[in-house]
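Counted from 1, the sequence shown has number 27 at position 28 by numbering that gives the first Met the number 0; the numbering is strictly sequential. The C-beta atom is built at its ideal place from N, Cα and C for all residues, glycine as well. Input: a single structure, listed below in structure tokens.
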Amino acid sequence: MTETPTSDSPREAKRVGAGRRIAVPVSGGTLAEHFGHCEEFAIFHTDATGKEIDGVVMVPAPPHEPGVLPEWLRGLGVDVILAGGMGRRARDLFARHSIEVVTGARGEGARKLAEAYLSGSLQSGKNPCDH
């Protein structure tokens, strides 16, 4: 199942079904190196078991402003973010919104990253924004 929102509104991408939602920041069709400056988010829905992807929605990222993304992504029903780099303050904000953050993901396609996360085989390296 592939869904595309009909507008930029987070309401268009509300949870369908009982699975989890995994967000991957994307720029130029691949994982965005710096989370807060991505072009869009690939948001993967999982089945009820939380082990298989059963849909994806591509959602344009809102303008970059401090503190906006945690609330915006929580409004989309996101449970997990797979990122290349993300600073400590941003990770703390996501934790306050009960969103798990995995940093250090590398240049794979968004779907491959989400599948690796679900299978427990996601290889992550150093967080380039952890200074």
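| Check | Outcome |
| --- | --- |
| Whole alpha helix (DSSP H) elements within the region 3-88, 4-residue minimum | 67-74 |
| Secondary structure of Glu-99, DSSP reduced to three states | strand |
| Element boundaries [alpha helix (DSSP H), containing Glu-114] | 109-118 |
| For Ala-41 and Leu-72, believed in contact at Cβ under 8 angstroms, the rounded distance | Their Cβ separation, rounded to whole angstroms, is 12 angstroms, which puts Leu-72 and Ala-41 out of contact at 8 angstroms. |
| Neighbourhood of His-63 by C-beta distance below 7 angstroms, restricted to the same chain and skipping five residues each side | Gly-35 and His-36 |
| Three-state secondary structure assigned by DSSP to Ser-123 | coil |
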